[in-house]
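Going by this note's numbering, the residue at position 183 of the sequence shown is 184; the numbering climbs one at a time, nothing skipped.
The beta-carbon is built from N, C-alpha and C at its ideal position, and this holds for glycine as well.
To start, the structure itself, in structure tokens.
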Amino acid sequence: MADVILYLVNRKSFSSMLNFTVSEIINQIENKQFSTKRPEMIYDFYRDFDVDIEGEILDLFDKNESNLEINNKISNLNSDSKNDLILLLAKWSSVAQWSCWDARLFLYLEPYLEKNVKNVDEFLEPELWHNFHHQMSIFDQRSFTESVVLDWMNRREKLGESMEPSEDPKILPTMNSHNELSKLLFNFIKKSSHPELELMIGRDYLDSESWYLGRNKISNF
């Protein structure tokens, strides 16, 4: 199973990143100034570490040095590595991240959508998340989280699985995991409506050009 990964990207920060040249980014990273350009993270969430993204950016530049015009703005690059770089800069411009096994999303999302989800690839579509956000308007955090956990319990019982911790030591850790993940998902989706933020959707091992930022694929930037 692969993780579906969501980011909330600060529009202003991302736009400013695209106006940097390759040489400007390299200089700022090497001079320890790049981290000052990163927007503040939203409390209770996590995101990729500064040093990890900086390392990936420099590694990308090193591997594609002969194909990159270092004085060109990122938005004007004509290179095979452009999509990878734009994805990294979008991650850099994020203020929150949420991830989950794609199979678990059937439990967290499908009961609240207007149609059934046929396969996990649908979880990468912006329209599905837009509809989910709309459906969440009738819930508060507690009622949503409780409904997710109750649904999970009902599904286990229909499969004849025990709900007794003494019979299955994984029951309580799994219940706590569903409770925490669904709580964070609810808060994350609520924050995605902020006008300064854009939802980015992707998955482990997904090519950079296939990630969505807002309604557009990374390859369209």
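Please state whether the Cβ-Cβ distance between residue i and residue j is less than 8 Å.
i: L61; j: S95; result: no
i: N68; j: S80; result: yes
i: L9; j: L198; result: yes
i: I219; j: L7; result: no
i: R204; j: V5; result: yes
i: I54; j: K116; result: no
i: F15; j: L88; result: no
i: T146; j: K184; result: yes
i: I58; j: I75; result: no
i: L78; j: E70; result: yes
I'd like to confirm the pairing. Which residues does DSSP put opposite residue i in its beta bridges?
i: A1; result: Nothing about residue 1 can be reported from this structure: the residues present for the chain run from 2 to 222 only.
i: G203; result: I6
i: F214; result: Just to set this straight, residue 214 is Leu in the shown sequence, not Phe. L214 is bridged to M201, N217.
i: K74; result: T22
i: S95; result: V10
i: Y113; result: DSSP output for Y113 lists no bridge partner at all.
i: Y47; result: Q98
Could you tell me which of the options sits nearest to residue i, measuring between CA atoms?
i: Q34; options: N65, S183, V52; result: V52
i: L151; options: H179, K64, K38; result: H179
i: P196; options: I202, G203, R204, G215; result: G215
i: R143; options: I75, F187, L200, N65; result: F187
i: R105; options: E70, A3, R12; result: A3
i: D103; options: D122, L114, Y113; result: D122
i: K13; options: G56, V118, N28, K38; result: K38
i: H131; options: N77, L200, K159, S148; result: L200
i: D63; options: D49, R48, I26; result: I26
Just mark residue i as buried or exposed, buried being the case when its beta carbon has 16 or more other beta carbons within 10 Å.
i: N32; result: exposed
i: S161; result: Sequence check: residue 161 is Gly here, not Ser. With fewer than 16 Cβ atoms within 10 Å of its Cβ, G161 is classed as exposed.
i: D85; result: buried
i: D169; result: exposed
i: N120; result: exposed
i: P40; result: buried
i: N11; result: buried
Any heavy atom of the ligand MG within a distance shorter than 7 Å of the CB on residue i?
i: S138; result: No copy of the ligand MG appears in this structure; indeed no ligand is present at all.
Query raised in the report: On the three-pair Cβ rule with 8 Å, is the stretch 6-20 touching the stretch 109-116?
Result: Result no; under three Cβ-Cβ pairs closer than 8 Å.
Query raised in the report: Is the stretch 200-210 in contact with the stretch 135-145, if contact means three or more CB pairs nearer than 8 Å?
Result: no
Query raised in the report: Taking one C-beta from the stretch 116-127 and one from the stretch 166-182 each time, how about it: are there three or more such pairs within less than 8 Å?
Result: no
**Report entry** Cβ contact check for the stretch 42-50 and the stretch 139-158: 3 or more pairs under 8 Å
**Finding:** No contact exists between the stretch 42-50 and the stretch 139-158.
Requested in this report: Would you check if there are 3 or more beta carbon pairs closer than 8 Å linking the stretch 84-100 to the stretch 185-194?
Outcome: yes
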